[in-house]
Amino acid sequence: MTAQSIVEKAAPPDEWCRCPGCGAFLYWKRLHRNAKVCPECQHHLRMSLDERLAHVLDPDSFVPLGPTQEPVDVLAFVDSQPYPRRLATAARRTGRPEAATYGVGAIQGARLAVVALDFGFMGGSIGAVVGEAVVQAAELARIERIPLLVICASGGARMQEGALALMQLARTAQEIARLHEEGVLVINLNTHPTFGGATASFATLGDVVLAEPGSLIGFAGPQVIRQTIRQELPAGFQTAEFLQEHGMVDLVVPRDHLRETIGRIIRLHGPSPRVPAGPASPAVTDPAALTRAPAWDVVGRARHLARPTTLDYLRHAFEDFVELHGDRAYRDDAALVAGVARLAGRHVVVVGHQKGHDTAELVRRNFGMPHPEGYRKALRMMRHAARFGLPLVTFVDTPGAFPGLEAEERGQGTIIAECIAEMSRLPVPAVSVVTGEGGSGGALALAVADRVLMLEHSYYSVISPEGCSTILWGSAASAASAAQALRLTAPDLLRLGVVDAVVPEPAGGAHADPPATAAAVARAVTSCLDELAGRSAAELVEQRYQRFRTLGPAGVIA
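Take the sequence shown: its letter number 327 is residue 326 in numbering that gives the first Met the number 0, and every next letter is one higher.
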């Protein structure tokens, strides 16, 4: 499908039009009131650039600043007609001198820099002037330290400007890289269609990448792929939903939720309001104060299907949460959830293993055993926390990293090692909570923190009891004995210094009262973050280093 073949023709204001998605006849005025979303099938028809800005930004908040230049025919390019004639035709049709505009605006009162591309102007193609608009918008965001919103609809680099058009990929990408280095938030909103040089530069480099439902997004267009390699493409190929499933898009957001979603993302990356210290932590730091239970009983409770999951803690104990999806390389792994959140007024990044409460969810989330792409998502969010100075909170509940052929092919051990190393050097506070199973390196990948907590009836071990029994006893039948020998319960791990404190559970276990458990965990985590808040990045890194440095022969307590 080419850019030209997917142009949606506008209907006169008093006429009917046909939905390109379902074929239904739609009254144009009603469609316009519905933000150009078909009420029958929810197909999102294309908006003009002005309509898009009016819909996403606060009313009357956009102040255009450019582009301040006009395109130049440096190649004297002629195809079926001279390039200047094409430019003049596009300018008459759209009422603007180029395919991009930039300026300042606001979303839910938050000021931000905006650059937007108009597909109606030569397919939103990227020439030198469009590249300059992106560059100037990024410079504005960097100088004023306000978020940058990039709204894209583009067929790619503009052929009529030759290699100079190609160079815009480098010009724009390096500006986004500078914003990353300085901790300025970049949000991409990719609409239908976004292809070629746009996806290979500024349209996919945001800290958060959003897309409208059904939008086609990719590097090579479907027709180019078919003609080049003669490969049949799957249904839904290169749609926004396809890209989210494959880890390239954080969220597919319906048009009527865009302003709210972007506003929440901006707020959660802003400075946290000053909040007074919360109630005292319920966590126990004295091993003698803990009641010992048979290790195998603890393992059973840690695995209970009704035990709270990461999403349960987020629902019960956090004030807001925007889940971010994908590893930007291969897939979104449902066994691990991540995003930005607010806990007791403090903005944080959250990463956690996710199981489920029924067979269907357990299967969909692979029983909380991440593939490498799950840990790549975690690594991405660790770096996200560091970039924006946000504390990291992790929830550990996994039998272990997924042990399978495809996981080994995609580098399971390597990415776990990278997570461990990255977390050890984070310049922001990090608090980890073992909430259920803490299985081996798959658990440790999220637990190299300043403070490591565990729930009373969770466990943390070098290997599962069954695995230990099979290796050392010859079968899984001695798993209970292995669990006891491994000293994997809270009192022993607290005594060894592997964990810093233990959060008591309600009578009957965490599953007996998830809201109460979540409240206790929230108080414990908040107390740790309060304690760590005044420390510099250098102090955090050094003290975390020393914490794990002592967990060797010299630090073992008999």
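A virtual CB, placed ideally from N, CA and C, is assigned to each residue, including glycine.
Residues that DSSP places opposite residue i in a beta bridge
i: Glu436; result: Tyr458
i: Val392; result: Val349 and Val430
i: Asp285; result: For Asp285, which the question treats as bridged, DSSP gives no partner whatsoever.
i: Ala99; result: Leu116
i: Trp15; result: Tyr26
i: Thr549; result: For Thr549, which the question treats as bridged, DSSP gives no partner whatsoever.
i: Gly338; result: Glu322 and Val349
i: Thr193; result: Ser153 and Ile216
i: Ala210; result: Asn189 and Val251
i: Arg450; result: Val430
i: Pro293; result: DSSP output for Pro293 lists no bridge partner at all.
i: Ala500; result: Leu452
i: Thr238; result: Leu215
i: Pro464; result: Answer is none; Pro464 lacks a bridge partner.
i: Ile419; result: Answer is none; Ile419 lacks a bridge partner.
i: Ile125; result: Ala156
i: Gly104; result: Leu111
Check whether residue i and residue j have beta carbons under 7 Å apart
i: Val567; j: Ala210; result: A question about residue 567 goes unanswered here, because the residues of the chain that appear run from 0 up to 557.
i: Gly126; j: Glu160; result: yes
i: Ala442; j: Tyr374; result: no
i: Val501; j: Val283; result: yes
i: Glu360; j: Asp332; result: no
i: Pro275; j: Gly344; result: no
i: Ser460; j: Leu487; result: yes
i: Phe24; j: Arg17; result: yes
i: Thr395; j: Val520; result: Per the sequence shown, residue 395 should be read as Val rather than Thr. No, the Cβ-Cβ distance between Val395 and Val520 is not below 7 Å.
i: Pro505; j: Ala517; result: no
i: Ile175; j: Val183; result: no
i: Ala429; j: Asp449; result: yes
i: Phe61; j: Gly130; result: no
i: Ala301; j: Gly435; result: yes
i: Val524; j: Val451; result: no
i: Gly108; j: Gly154; result: no
i: His191; j: Leu215; result: yes
i: Gly205; j: Asn187; result: yes
i: Asp117; j: Leu30; result: no
i: Met381; j: Met422; result: yes
i: Leu139; j: Ala112; result: yes
i: Arg341; j: Glu322; result: no
Inter-residue spacing [alpha-carbon to alpha-carbon] between residue i and residue j
i: Gly437; j: Ala337; result: 18 Å
i: Arg225; j: Phe241; result: 18 Å
i: Tyr544; j: Glu97; result: 53 Å
i: Ala162; j: Ala156; result: 9 Å
i: Ile414; j: Ala420; result: 10 Å
i: Val93; j: Arg266; result: Reading the sequence as shown, one finds Thr at residue 93 and not Val. Each residue's Cα considered, the two are about 34 Å apart.
i: Gln230; j: Pro221; result: 10 Å
i: Ala169; j: Ala197; result: 11 Å
i: Ser439; j: Arg379; result: 21 Å
i: Ala537; j: Val392; result: 19 Å
i: Ala328; j: Ser474; result: 39 Å
i: Ala90; j: Pro19; result: 26 Å
i: Arg494; j: Ala294; result: 15 Å
Proximal residues to residue i (C-beta, below 8 Å), its chain only, five neighbours per side dropped
i: His54; result: Ala34, Met46, Arg254, Leu257 and Arg258
Sequence-distant residues of its chain with Cβ nearer than 6 Å to residue i (five each side left out)
i: Pro490; result: Pro286, Leu289 and Arg291
i: Phe76; result: Tyr82 and Gln159
i: Val133; result: Val114, Thr171 and Phe201
Simplified DSSP state of residue i, which is helix, strand or coil
i: Cys151; result: strand
i: Met0; result: For Met0, the pLDDT reaches just 33, beneath the cut-off of 50, and the residue's location in the model is therefore unreliable, leaving the point undetermined.
i: Met368; result: coil
i: Glu7; result: Reliability of the predicted coordinates at Glu7 is poor, the pLDDT of 47 falling under 50, and the value obtained from them is presented with this limitation in mind. It is coil, neither helix nor strand.
i: His179; result: helix
i: Pro402; result: coil
i: Ala276; result: coil
i: Ile599; result: As displayed, the chain neither begins before 0 nor continues past 557, which places residue 599 out of reach and without an answer.
i: Ala109; result: strand
i: Thr397; result: strand
i: Ala162; result: helix
i: His42; result: coil
i: Pro58; result: coil
i: Gly533; result: coil
i: Pro70; result: coil
i: Pro505; result: coil
i: Pro81; result: strand
i: Gly344; result: coil
i: Gly246; result: coil
Neighbour flag for residue i against chain C, beta carbons, 7 Å
i: Lys28; result: In summary, chain C is missing from the structure at hand, where a single protein chain is found.
Cut-off 7 Å between Cβ atoms - residues of its own chain near residue i, not counting five sequence neighbours on either side
i: His310; result: A small correction: the amino acid at residue 310 is Leu; His does not occupy that position in the sequence shown. Once the five neighbours on either side are set aside, the close Cβ partners of Leu310 are Val336 and Gln353.
i: Gly325; result: Gln243, Gly246, Met247, Val248, Asp249, Asp331 and Lys376
i: Ala482; result: Ala294, Trp295, Val298 and Pro464
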